[in-house]
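Single-structure report; data block below.
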Ligand code: GLC
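Numbering (the numbering used here), first residue to last: 40 to 479.
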């Protein structure tokens, strides 16, 4: 069930860590898109060492960045689990030289810093033969053969359109039941062991006639821990939406979170140095909070568990900005439509204070439109300077307030993103966008 903390969390960090970190290849998909055979792909487990894994150090960086929750992959589509499980030997304890549970220490380190614990767990599992037989419509012999070759599974995912034939139905039902027992069992294990604040599910390949039992799975989750929030990828059972790599153009009706990457990869890929600079990251973050969403920003540690220097630098710089402007970020809600202010904005719960996020202001003035309130004070949070402002126009006979210019001198401008605090007399009173049309 959605929890109040999530709406004020604003910044989360996403960590993709699995076998793919060993060779630095595309997480799970390098096997599914035919870049590597399954055999080559799973050989990576021999070098998954995690010897530099220091979740306490990670947690300090996340805290300093201003993140209030973190989501770590417990199992990606490759099927490799970062925790010990009775349902598969393809896990960090049984199958790698690392040999230890990686989820418990992560959860403890976050909780010590007061950060909420998110666990990613994908629905789909490409290491599970029973699951693969149903979603690819193959016999076991065909699956065995497929695992030796480089095969693009995606091209054979068209089973989502049709049910099993009469001849194969009974056998595939058996496969599905066995898979679902393991799937639900693993979820039960991570829920019981770690009691996550968020269970972040992913990719669900649906074939007619094979039931994911989403409502029962959700019930199992909340029976174990009633306060666990589930993201929007468990059929229709999610508590919030998770747009991936795109920012909704307007505020959404539901709670939401953008998930995206610091560079161009979810997991560690050593060749990818295309990190977004701090201007872009703050811009993306502000777009989210202005529309009532959170940002879940991803990186991938390498096979040793080390965090790349670029990632540390990003987290540090994010923290410099979020700590300076915390009052405009955390206790607020979605702000105004850009029809009122061409930039980002957030509003306090009592709606008496509006924060404006200004990205480009070479000419030293910004404009507000359609707001009726008297203004008590306008300040730049960069240096606390009070800003002068003037009102122009307005048509009292149709209750239209005109517009205001706010002066923004150079010393009040932040190189990354300036935050302006506008304090009103009373809760904000804006012209209704549609009403305005009727007046013309
Ligand atoms: C996609 C991808 C996956 C990634 C995820 C993050 O669903 O399959 O690789 O983990 O998005 O949202």
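Note that the Cβ used here is the ideal one computed from N, Cα and C, for glycine as well.
Suppose you measure from the CA of residue 9 to the CA of residue 49; what does that come to, to the nearest Å?
In this structure the chain extends from 40 to 479, so residue 9 is not present and cannot be described.
Roughly how many whole angstroms lie between the Cα atoms of residue 422 and residue 45?
Working through the chain shown from its first residue, we reach residue 422 at position 383. Working through the chain shown from its first residue, we reach residue 45 at position 6. For residue 422 and residue 45, the distance between alpha carbons rounds to 30 Å.
Report yes if the C-beta distance between residue 142 and residue 113 is below 7 Å; otherwise report no.
Walking along the chain shown from the start, residue 142 turns up at place 103. Walking along the chain shown from the start, residue 113 turns up at place 74. Residue 113 is positioned such that its CB atom lies closer than 7 Å to that of residue 142.
If I'm right that residue 148 touches residue 104 with Cβ under 8 Å, what's the distance once you round it to whole angstroms?
Position 109 of the chain shown holds residue 148. Position 65 of the chain shown holds residue 104. Incorrect: roughly 15 Å between the Cβ atoms, too far for contact.
Hey, could you find the ends of the beta strand (DSSP E) residue 428 is sitting in?
As a position in the chain shown, residue 428 is number 389, starting the count at 1. Its beta strand (DSSP E) spans residues 428-431.
Of the choices 399, 377 and 102, whose alpha-carbon is the least far from that of residue 409?
Indexing the chain shown from 1 puts residue 409 at position 370. Measuring from the Cα of residue 409, the nearest candidate turns out to be 377.
Integer Cβ distance of residue 94 from residue 144, believed to fall under 8 Å:
Here residue 94 corresponds to residue number 55 of the chain shown, with the count starting at 1. Here residue 144 corresponds to residue number 105 of the chain shown, with the count starting at 1. Confirmed, Cβ separation roughly 5 Å.
So what does DSSP say about residue 442, is it helix, strand or coil?
One-based indexing of the chain shown puts residue 442 at position 403. Three-state result, residue 442: strand.
Quick one: Cα of residue 68 to Cα of residue 264, how far?
Translated into positions along the chain shown, residue 68 becomes position 29. Translated into positions along the chain shown, residue 264 becomes position 225. The straight-line gap from Cα to Cα measures roughly 32 Å.
Assuming the contact rule is C-beta atoms closer than 8 Å, residue 89 and residue 120 should be a hit. Round their C-beta distance to whole Å, please.
Along the chain shown, read from residue 1 onward, the residue named residue 89 stands at position 50. Along the chain shown, read from residue 1 onward, the residue named residue 120 stands at position 81. Not confirmed; about 13 Å, so no contact.
Can residue 283 be considered in contact with the ligand GLC, in the sense that its beta carbon sits closer than 6 Å to one or more heavy atoms?
Residue mapping note: residue 283 aligns to position 244 of the chain shown, counting from 1. Checking every heavy atom of the ligand GLC against the Cβ of residue 283, one is found closer than 6 Å.
Helix, strand or coil, according to DSSP, for residue 273 in the structure here?
Counting from 1 along the chain shown, the entry for residue 273 is found at position 234. Looking at residue 273 - three-state DSSP - the assignment turns out to be coil, as it is neither helix nor strand.
7 Å Cβ cutoff met for residue 306 and residue 59:
Sequence index remark: in the chain shown, residue 306 carries index 267 (1-based). Sequence index remark: in the chain shown, residue 59 carries index 20 (1-based). Yes, the pair counts as a contact, with Cβ atoms nearer than the cut-off.
Spell out the partners DSSP gives residue 109 in its beta bridges.
By one-based count along the chain shown, residue 109 stands at place 70. Bridge partners of residue 109: 52 and 156.
Exposure label - residue 254; buried when at least 16 CB within 10 Å:
Mapped onto the chain shown, residue 254 falls at position 215. Per the 10 Å Cβ criterion, exposed.
Classification of residue 246 by the beta-carbon crowding that lies within 10 angstroms, buried from 16 upward
Position 207 of the chain shown, counted from the start, is the residue given in the question as residue 246. Per the 10 Å Cβ criterion, buried.
Between residue 311 and the ligand HEM, is there a pair consisting of the residue's CB and a ligand heavy atom that are separated by less than 6 Å?
As for the ligand HEM, it is missing from this structure, which binds only the ligand GLC.
If you check the beta carbons only, do residue 221 and residue 122 fall under 7 Å apart?
Along the chain shown, one-based indexing puts residue 221 at 182. Along the chain shown, one-based indexing puts residue 122 at 83. Their beta carbons are not under 7 Å apart, which means residue 221 does not touch residue 122 by this criterion.
Closest by C-alpha distance to residue 380, when choosing among 196, 272 and 395:
Counted from its first residue, the chain shown places residue 380 at position 341. Per the Cα distances, 395.
Can you give me the C-alpha to C-alpha distance between residue 277 and residue 325, rounded to a whole angstrom?
For the purposes of this step, residue 277 is identified with residue 238 of the chain shown, where counting begins at 1. For the purposes of this step, residue 325 is identified with residue 286 of the chain shown, where counting begins at 1. Taking the straight line from one Cα to the other gives about 24 Å.
DSSP three-state label for residue 344, please.
In the chain shown, residue 344 corresponds to position 305, counting from 1. Three-state DSSP puts residue 344 in coil, outside helix and strand.
Curious, which full-length beta strand (DSSP E) runs of at least 3 residues does the region 388-436 contain?
392-397, 404-408, 414-419 and 428-431
Just verifying my parser: in three-state terms, what is the DSSP assignment at residue 130?
Within the chain shown, residue 130 is the residue found at index 91, counting from 1. Strand.
What does the alpha-carbon distance come out to for the pair residue 231 and residue 261?
One-based indexing of the chain shown puts residue 231 at position 192. One-based indexing of the chain shown puts residue 261 at position 222. Roughly 11 Å between the two C-alpha positions.
Counting pairs of Cβ atoms below 8 Å between the region 167-176 and the region 205-217, do you hit three or more?
yes
Around the C-beta of residue 424, are 16 or more other C-beta atoms found within 10 angstroms, so that it is buried, or is it exposed?
Sequence index remark: in the chain shown, residue 424 carries index 385 (1-based). Per the 10 Å Cβ criterion, exposed.
Where are the beta strand (DSSP E) runs, 3 residues long or more, that stay fully inside the region 201-242, in chain order?
237-241
Opening and closing residue of the beta strand (DSSP E) in which residue 63 lies:
To locate residue 63, count along the chain shown from 1; it is residue 24. That residue, residue 63, is in no beta strand (DSSP E); it is neither H nor E in DSSP.
I need the boundaries of the alpha helix (DSSP H) containing residue 337, first residue and last residue.
Along the chain shown, read from residue 1 onward, the residue named residue 337 stands at position 298. Careful: residue 337 lies outside any alpha helix (DSSP H), inside the beta strand (DSSP E) at 332-338.
If I follow the unbroken beta strand (DSSP E) through residue 460, where does it start and stop?
Taking the chain shown and counting its residues from 1, the one referred to as residue 460 is at position 421. 457-463 is the span of the beta strand (DSSP E), which, as asked, contains residue 460.
Can you tell me which of 433, 382 and 442 puts its alpha carbon nearest to the alpha carbon of residue 289?
Locating residue 289 in the chain shown gives position 250, counting from the first residue. The candidate whose alpha carbon is nearest that of residue 289 is 382.
The alpha helix (DSSP H) with residue 373 in it runs from where to where?
Taking the first residue of the chain shown as position 1, residue 373 is located at position 334. Premise fails: residue 373 lies in the beta strand (DSSP E), 371-373, not in any alpha helix (DSSP H).
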